[in-house]
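Worksheet for the structure shown next.
Protein chains: 2
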Amino acid sequence: MARTKADPGKRDRILTAAMKVFARKGFASARVSDVAREAGVADGTIYLYFASKDAILISIFEEGMQGVIDGLVKGLKGIDDPRERLRFFCKYHLTTVENDPDLAEVLLIELRFSDKFLSEYKPQVMLDRYLEQLAGIISEGQRRGIFKREIPTGIAMGVVFGSLDEISLHRVLQRKKRAEPTFDITAVADHVANMLIGGLAA
Amino acid sequence: MARTKADPGKRDRILTAAMKVFARKGFASARVSDVAREAGVADGTIYLYFASKDAILISIFEEGMQGVIDGLVKGLKGIDDPRERLRFFCKYHLTTVENDPDLAEVLLIELRFSDKFLSEYKPQVMLDRYLEQLAGIISEGQRRGIFKREIPTGIAMGVVFGSLDEISLHRVLQRKKRAEPTFDITAVADHVANMLIGGLAA
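Protein chains in written order, with this note's numbering: chain A, 1 to 202; chain B, 1001 to 1202.
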């Protein structure tokens, strides 16, 4: 079959279906035929768009992260105060996890727990582009004397990202167990942001 | 062979050897015979002490965590101020990762990336006993009015543990790449503790 027949709508449908299937069954146990069934296409159709199951996961990751980064950059545009920029970063991170559960599960669990991706594929490039935004917020706050200059930016980033990642992972695992969240995510984000801003405030 | 021949020294030697082998080769690729060779015992001897490779990993985890918790409880004993107790917790967590690299790698990487353990074995019991110590430090600080009462203890715990875990994981991965750490671990722990104590301070 000719590649020129490629239909972007169908490609997106396959990616959305794959996210659902990987989130539900786990990447390791999911088969390309499960993805085809969920997307309502023939097994062979998948291979018009993706070379392998791995290639589907990489596309979900890269395109998902690209969307996340674009939304973050757009949201930060109108905010000047580094404290409010950091608060927005926390809210954006946690609401993305909350509102896009299939993507969150693939990014936070399947990709992380896949040894394969740690050695052969480098997710670091996209993650670094996301973290660059956080680095910019912190270093600008330090430059302006609003955030403590004595805390190395890299360590402050580890504290912020580690906090958000831990709370996100907890949230995703709770959802897998179908447990009701104890707090509204906006309230959680505000508490986390208050604690982090308080810790960084000069 | 009779179980009564069991030799605790030999059992410890097998566990130490297994930690080295799992850290070096990864749990998935490591074989029981690799562990036997590293420990200097015959393959069959391993089975006098452990039913399977999984049982070795569970023992490393449970006994390792028990040692970590005992050291933490002992170290906290002489400290009264909740801020200094939290600082000790940060230092203890990060220096344990630094000083016991094989154990840290098994706890932070092999156990986390092993799907098997997430479903069949529940590492949560030991982790919870570790986290209970942290919960006690934070809630006691809140009770005394030294830490902000408006931050839910569970969220504060997520921020503290997430920060330490992120920085530990970064440290372990750096070491795997044989990269020189940028900061001395005691300095890192102080920066992290300052930020977290600042964020919690009433």
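Note that the Cβ used here is the ideal one computed from N, Cα and C, for glycine as well.
Alpha helix (DSSP H) segment containing residue i, residue limits
{"i": "residue 161 of chain A", "result": "153–176"}
{"i": "residue 1101 of chain B", "result": "1101–1105"}
{"i": "residue 1041 of chain B", "result": "Neither: residue 1041 of chain B is in no alpha helix (DSSP H) and is coded neither H nor E."}
{"i": "residue 1123 of chain B", "result": "Looking at the DSSP string, residue 1123 of chain B is not in any alpha helix (DSSP H), and its letter there is neither H nor E."}
{"i": "residue 7 of chain A", "result": "That residue, residue 7 of chain A, is in no alpha helix (DSSP H); it is neither H nor E in DSSP."}
{"i": "residue 74 of chain A", "result": "53–76"}
{"i": "residue 1196 of chain B", "result": "1185–1200"}
C-beta atoms of residue i and residue j nearer than 8 Å
{"i": "residue 23 of chain A", "j": "residue 102 of chain A", "result": "yes"}
{"i": "residue 1092 of chain B", "j": "residue 1075 of chain B", "result": "yes"}
{"i": "residue 1132 of chain B", "j": "residue 1082 of chain B", "result": "no"}
{"i": "residue 1063 of chain B", "j": "residue 1015 of chain B", "result": "yes"}
{"i": "residue 86 of chain A", "j": "residue 197 of chain A", "result": "yes"}
{"i": "residue 1200 of chain B", "j": "residue 65 of chain A", "result": "no"}
{"i": "residue 1057 of chain B", "j": "residue 1089 of chain B", "result": "no"}
{"i": "residue 1172 of chain B", "j": "residue 1108 of chain B", "result": "yes"}
{"i": "residue 106 of chain A", "j": "residue 60 of chain A", "result": "yes"}
{"i": "residue 286 of chain A", "j": "residue 1166 of chain B", "result": "Since the displayed chain A opens at 1 and closes at 202, residue 286 of chain A lies outside it and no answer follows."}
Cβ distance (whole Å) where residue i is taken to contact residue j below 8 Å
{"i": "residue 18 of chain A", "j": "residue 35 of chain A", "result": "5 Å"}
{"i": "residue 1155 of chain B", "j": "residue 188 of chain A", "result": "6 Å"}
{"i": "residue 1104 of chain B", "j": "residue 1168 of chain B", "result": "7 Å"}
{"i": "residue 1147 of chain B", "j": "residue 1202 of chain B", "result": "6 Å"}
{"i": "residue 30 of chain A", "j": "residue 21 of chain A", "result": "5 Å"}
Which listed residue (the options) has its alpha carbon closest to that of residue i
{"i": "residue 51 of chain A", "options": "A:172, A:156, A:97, A:32", "result": "A:32"}
{"i": "residue 153 of chain A", "options": "B:1185, B:1151, B:1129, B:1192", "result": "B:1192"}
{"i": "residue 1127 of chain B", "options": "B:1202, B:1067, B:1007", "result": "B:1067"}
{"i": "residue 186 of chain A", "options": "A:178, A:136, A:95, A:123", "result": "A:95"}
{"i": "residue 79 of chain A", "options": "A:150, A:137, A:157", "result": "A:137"}
{"i": "residue 8 of chain A", "options": "A:49, A:25, A:26", "result": "A:49"}
{"i": "residue 124 of chain A", "options": "B:1175, B:1170, B:1125", "result": "B:1170"}
{"i": "residue 26 of chain A", "options": "A:181, A:150, A:176, A:84", "result": "A:176"}
{"i": "residue 183 of chain A", "options": "B:1122, B:1143, B:1045, B:1151", "result": "B:1151"}
{"i": "residue 190 of chain A", "options": "A:45, A:77, A:53, A:84", "result": "A:84"}
Cutoff 8 Å: residue i Cβ touching any chain E Cβ
{"i": "residue 1125 of chain B", "result": "Here chain E cannot be found, since the structure's protein chains are A and B."}
Cut-off 6 Å between Cβ atoms - residues of its own chain near residue i, not counting five sequence neighbours on either side
{"i": "residue 1130 of chain B", "result": "1069"}
{"i": "residue 72 of chain A", "result": "92, 133"}
{"i": "residue 142 of chain A", "result": "149"}
{"i": "residue 1053 of chain B", "result": "1032"}
{"i": "residue 1045 of chain B", "result": "none"}
Beta-carbon contacts of residue i that lie in its chain and below 7 Å, excluding the five residues immediately before and after
{"i": "residue 43 of chain A", "result": "32, 33, 36"}
{"i": "residue 1145 of chain B", "result": "1202"}
{"i": "residue 4 of chain A", "result": "Caution applies to residue 4 of chain A, whose pLDDT of 49 falls short of 50 and renders its modelled position unreliable; the value that the coordinates give is listed next. Cβ neighbours of residue 4 of chain A beyond the five flanking positions: none."}
{"i": "residue 1157 of chain B", "result": "1131, 1134, 1135, 1138"}
{"i": "residue 1181 of chain B", "result": "1171, 1174"}
{"i": "residue 118 of chain A", "result": "With a pLDDT of only 48 at residue 118 of chain A, under the threshold of 50, the placement of this residue in the model should not be trusted, and no figure is reported."}
{"i": "residue 122 of chain A", "result": "none"}
Cβ-based neighbour list, residue i, same chain, cut-off 8 Å, excluding 5 preceding and 5 following
{"i": "residue 1041 of chain B", "result": "1010, 1013, 1014"}
{"i": "residue 179 of chain A", "result": "none"}
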